[in-house]
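As they're listed, the protein sequences go chains Y, R, C and X. Counting in our numbering, the first sequence runs from 1 upward without gaps. Counting in our numbering, the second sequence runs from 1 upward without gaps. Counting in our numbering, the third sequence runs from 1 upward without gaps. Counting in our numbering, the fourth sequence runs from 1 upward without gaps. Comments concern the structure below.
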Amino acid sequence: MTSAEIISILDQKFGDRIKAKNLEAKDPFVVVTPTDLVEICRYLRDDARLGFDMLNCVSGVDYLEPDPKKAAKAGFDPHMEVVYHFQSFRNKHRFVVKVILPRWKDDKAGELPEVPSLASLFNIANWHEREVYDLTGVWFTGHPDLTRILLSDDWVGHPLRKDYEFPLEYHGIRGR
Amino acid sequence: MGWLEGRFEESVITTSLEQAINWARQSSMWPMTFGLACCAIEMMATGASRFDIDRFGAGAFRATPRQADLMIVAGTVNYKMASRVRRLYNQMPDPKFVIAMGACTCGGGPYYKYGYNVVKGVDLVVPVDVYVPGCPPRPEALLEGLMRIQDKVRGMKDLTKNQQTDLPIPSRTGYTLLPAELGGAV
Amino acid sequence: MATVADPTIVEFDVRTDEMLVNMGPQHPSTHGVLRLVLRTDGEVISEAVPHMGYLHRCAEKIGENVTAIQFIPYTDRMDYLAAMNMNLGYALAVEKLCGMEIPEKAQVIRVIIAELNRIASHLVGMGTYGLDLGTFSPFLYAFREREMILDLFEEVCGARLTYSYITIGGVHDDLPSGWTQRLQEFLDYLKPRIEEYHTLLTRNHIFVSRTAKIGILPKHLAISHACSGPMLRGSLNRTSGDPDWDLRKIEPYSGYGAYDFRAIVPPFPEAPPESVIGDCWHRFYVRMLEVIESIKLCEQGLKRYPTAQGTHRADLPKHLPAGEAYVETECPRGQMGFYVVGRPSKDSVPLRVRAKSSSFCNLSLCDELCRGCLIADIPAIVGSIDIVMGEIDR
Amino acid sequence: MTQLVGYMLLFVAVGAGFIFVHLMAGKLIRPAKPDAEKATIYECGEPTIGSAWIQFDLRFYVVALLFVVFDVEVAFFFPWAVVFGQANALTRDATDNPGQTATAQNDLLQVFDRPNKDAGATPEEKEAAGQLSVLAFADILVFFGVLLVGFAYLWKRGDLAWVRSTLAEREPAVTGPPPKTAPVQLERELVGAGHEH
Chain Y
1 MTSAEIISIL
11 DQKFGDRIKA
21 KNLEAKDPFV
31 VVTPTDLVEI
41 CRYLRDDARL
51 GFDMLNCVSG
61 VDYLEPDPKK
71 AAKAGFDPHM
81 EVVYHFQSFR
91 NKHRFVVKVI
101 LPRWKDDKAG
111 ELPEVPSLAS
121 LFNIANWHER
131 EVYDLTGVWF
141 TGHPDLTRIL
151 LSDDWVGHPL
161 RKDYEFPLEY
171 HGIRGR
Chain R
1 MGWLEGRFEE
11 SVITTSLEQA
21 INWARQSSMW
31 PMTFGLACCA
41 IEMMATGASR
51 FDIDRFGAGA
61 FRATPRQADL
71 MIVAGTVNYK
81 MASRVRRLYN
91 QMPDPKFVIA
101 MGACTCGGGP
111 YYKYGYNVVK
121 GVDLVVPVDV
131 YVPGCPPRPE
141 ALLEGLMRIQ
151 DKVRGMKDLT
161 KNQQTDLPIP
171 SRTGYTLLPA
181 ELGGAV
Chain C
1 MATVADPTIV
11 EFDVRTDEML
21 VNMGPQHPST
31 HGVLRLVLRT
41 DGEVISEAVP
51 HMGYLHRCAE
61 KIGENVTAIQ
71 FIPYTDRMDY
81 LAAMNMNLGY
91 ALAVEKLCGM
101 EIPEKAQVIR
111 VIIAELNRIA
121 SHLVGMGTYG
131 LDLGTFSPFL
141 YAFREREMIL
151 DLFEEVCGAR
161 LTYSYITIGG
171 VHDDLPSGWT
181 QRLQEFLDYL
191 KPRIEEYHTL
201 LTRNHIFVSR
211 TAKIGILPKH
221 LAISHACSGP
231 MLRGSLNRTS
241 GDPDWDLRKI
251 EPYSGYGAYD
261 FRAIVPPFPE
271 APPESVIGDC
281 WHRFYVRMLE
291 VIESIKLCEQ
301 GLKRYPTAQG
311 THRADLPKHL
321 PAGEAYVETE
331 CPRGQMGFYV
341 VGRPSKDSVP
351 LRVRAKSSSF
361 CNLSLCDELC
371 RGCLIADIPA
381 IVGSIDIVMG
391 EIDR
Chain X
1 MTQLVGYMLL
11 FVAVGAGFIF
21 VHLMAGKLIR
31 PAKPDAEKAT
41 IYECGEPTIG
51 SAWIQFDLRF
61 YVVALLFVVF
71 DVEVAFFFPW
81 AVVFGQANAL
91 TRDATDNPGQ
101 TATAQNDLLQ
111 VFDRPNKDAG
121 ATPEEKEAAG
131 QLSVLAFADI
141 LVFFGVLLVG
151 FAYLWKRGDL
161 AWVRSTLAER
171 EPAVTGPPPK
181 TAPVQLEREL
191 VGAGHEH
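As structure tokens, this is what we get:
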């Protein structure tokens, strides 16, 4: 099934709750709001024609141009994206769902943006979301145990954010 | 140190006894299996039959630090792993030696500039005897490092001079080893 | 405590504590620096919680600061047993983003080299699996063959383990003269050796009793954990209509569609009676049969190489276009995905490089598989998952 | 008797001395730099979680008892086997295995006051040795049988198949049907587990 058909099925089912559609991108994707995410993903998984039962990859992307000089022609305004790559075991096709988030929750620095967790739909989402939280700093509400998975538990900050400063030392070991 | 250490002055008997002990230590350096990353695969290749590390008596890879006298740190040490490396080093019986195998362990390697989580060289964590550069170093390079460790053991004077076997702390760690009278480590 | 109706259970109802044991970062059979915290009830495991991150080397942060082609060496160091496949996955992702056309000769070289690296990776997987279960000789046999492959790689690109040979646009250099002939000799030498491994391990009674019916992975759990590669294929069942789940067949990339090879899916007629589809033995046997398929692929590639047109490498675009691309390739351990996001401002440094590791998803099953088994079965299960920590922690 | 006692003392002295010398040499020569961190418990590089001094499963004790019983039983087999072997050797004619019959002769027959010490076994002595070996065999069968009955009882009662965990028994469905609903946190209630609820 081609991406156009998938997007048309989603359009029929959800109508205007699909915020944006991009067909000519290399991997066609659909942008949804965090509130509808779980419902749309459940539909993607359970519908017979779609059958996206493998959540292959969850990535957090921080769109920010840190140094002001290049910020003007950076081509995007600072925001955060969580990208879900699905694959169907039955029908062997792929699809991408995106969630656009502000970099900080209602723009208070330090408050992580929140997205509902898909751990109830896909078991692998548990670990993928823990990694996105650990490295990019996105809070997944409803996650069984959202703790750091790659960095040590007492690590401060989320490294994959563009405005992350490297630690100068850690437990007495020189960093720089 | 043991009861005998540093108790005798140099004479024909003690130096030959010392050489016998050093020869025994040098030709049975038991490494601890401490494979972290890509260098571990090259260490395994050194342990396999083509570049056989057993020719140097170091083929018995011991899993526990209790039975090992050589710690080959093979792979990138990151901040989460650093405390474990230090604890394993402490749990090894003396005399113990460390080979820093690979560019990542010698000085951060390819992860030096943007590695926020990488220790820039394992000598910030444990005193290192021999650095084996390379990414990953060839098995011959590791064998060369092992030979340098054996030279070091051959030159140890345990019986005659109560020799401090622990190494000076590199200045780049930011710590300085104070001399004894200023309250440094004795 | 609720007493159960069954009297024999009550009879054993003597207070026994549970012990938390660290199967920690430095352990001979955790294939690198994986730490499992085991909650043991006597000899039996109640829970095995994996902890990772002991080899997290900030690969994705580096991806955002170096140009696309400078990132190739970091993809080597992710799955350092199959560095060529990692390079191939990342190169395909960037080429898809740039919309580049790869000459046929480069594609043929890529297939030959990637399949050769798959053989080397499965050999190490088989050798260390023998080590986990206590036999040393398969390790020596496996490394003997692997050293020959490494010699071939050394002729091609000068390195033994981290090659950076497959780059964006094709491969770094053309194959040296006479190399294809030496490769053919090696493949003829390797074919009878595979039979040795089967007698050494696959049909070895102790190996079978240690791996059959241990760590049984049901298909629905594997799909829900997005497993891939031999881990998923070990649980599929061709007779019950499961597809041949191999990305080289489903989404052919780099010219794989033109080669004829078989995706290995159980049931296997030569499986021992006590083994069940989805257990450790089947995962191991899928890898062993994949080595034979890879040999076939290499030979077809060799036949195709002399007549392939085009150069070994297309020229590089000046900078990465905007947009994003996600490509998954069939690596020895599973589907390794690379998600590359280009910057709208003309820049050859990508905005984000995300590497989705196959062992990361496969390892997430470790808890379900180890629950209720013996402590001695843990190396068998973790070995059959065949993890590489560099790929998991990135 | 003193000669035997002398042998025993010499044997003990050489044994103890031999070990003592080696241990002392090691203690003197090897470097000894004890420090607190070196004495910490080694658990794969991690600090230990909880202590290992826990209430172990009772079944470990049962298996240990089983081992002791059968180990002692084997210890009783050895003297019996020597006598049984020599009795059989006597019954056979001396030619086919001269060495063994010679030792059998001077060990077994030396006890009785025979007219000439080192003569071959007379026919009635051969016949007596034959009866002895049959009697000894029957005797050991009874001894072994009694223990086998105990072993069979244990086996039937299920003490040997103790490896099964009460958790695995009570919840075989853990990896069974797919958790349609959220992966419910299985309430970790183990029969006999140490947590006081």
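C-beta: ideal position from N, C-alpha, C; glycine also.
Closest option to R:Leu88, judged by alpha-carbon separation, among X:Asp139, X:Ile41 and X:Met8: X:Ile41.
Counting along the chain, no beta strand (DSSP E) covers Y:Glu165, and no H or E run does either. Chain C has no Cβ within less than 8 Å of the Cβ of Y:Lys19. For Y:Arg174, the beta-bridge partners assigned by DSSP are Y:Glu169. Linking R:Gln150 to R:Val122 through their CA atoms gives a straight-line distance of about 21 Å. For C:Lys356, the three-state secondary structure derived from DSSP is strand.
In the structure shown, C:Arg238 adopts helical secondary structure according to DSSP, grouped into three states. Counting only the Cα atoms, R:Met92 lies some 25 Å from R:Arg7. The CB of R:Ser49 comes closer than 8 Å to the CB of Leu140, Phe143 and Arg144 in chain C, given here in chain order.
For C:Ile250, the closest of C:Asp367, C:Gly229 and C:Ile295 by C-alpha to C-alpha distance is C:Gly229. With contacts defined by Cβ atoms closer than 8 Å, C:Arg210 and C:Leu133 form a contacting pair.
The C-alpha of X:Pro115 lies about 50 Å from the C-alpha of X:Ala152. A direct Cα-Cα distance of roughly 16 Å separates Y:Phe140 from Y:Gly157. Residue range Gly323 to Cys331 is occupied by the beta strand (DSSP E) that includes C:Thr329. Residues of the region 207-237 of chain C with a C-beta atom less than 7 Å from some C-beta of chain Y are Ile223, Ser224, His225 and Ala226, listed in chain order. In the displayed model, Y:Ala119 falls within coil according to three-state DSSP, outside both helix and strand. The C-beta of C:Pro73 has 16 or more other C-beta atoms within 10 Å across all chains shown, which makes the residue buried. Put simply, the CB of Y:Phe95 is far from chain C, with every gap to its CB atoms at 8 Å or more. Annotation: the continuous alpha helix (DSSP H) that includes Y:Thr35 extends over Pro34 to Asp46. Residue contact check for R:Pro110 against chain C: a CB pair falls below 8 Å. Excluding its 5 nearest sequence neighbours in each direction, Y:Arg45 has C-beta neighbours in its own chain below 7 Å: Phe52, Asp53 and Leu121, listed in chain order.
Interface flag for C:Glu147 against chain R is set, since a Cβ pair is found closer than 8 Å. The three-state secondary structure of C:Thr40, taken from DSSP, is strand.
For the C-beta of X:Arg114, not a single chain C residue is nearer than 7 Å; the gap to the nearest is close to 56 Å. Residues of chain R with a Cβ closer than 7 Å to the Cβ of Y:Ser152 are, in chain order, Tyr79 and Lys80. Judged by DSSP in its simplified three-state form, R:Gln26 adopts helix.
Across the structure, Y:Asp154 and Y:Pro167 are spaced so that their CA atoms are roughly 13 Å apart.
A distance below 8 Å separates the beta carbons of Y:Pro28 and Y:Ser3. Checking the DSSP bridge columns, you'll see C:Pro50 partnered with C:Leu36. At least one CB atom of chain C sits nearer than 8 Å to the CB of R:Leu88. Gln335, Gly337, Tyr339, Val341, Arg343, Pro344, Ser345, Leu351 and Arg352: these are the residues of the region 331-352 of chain C whose beta carbon lies less than 8 Å from some beta carbon of chain Y, given in chain order. CA-CA distance, C:Asp79 to X:Ile19, rounds to 51 Å. No Cβ of chain X is located within less than 8 Å of the beta carbon of R:Thr15.
Straight-line spacing of the CA atoms in Y:Asp77 and Y:Glu24 works out to 21 Å. Non-local beta-carbon contacts of R:Ala40 in its own chain, meaning distances under 7 Å to residues more than five positions away in sequence, involve Ala74 and Gly75 in chain order. Going by DSSP, X:Gln110 is part of no beta strand (DSSP E) at all; its letter is neither H nor E.
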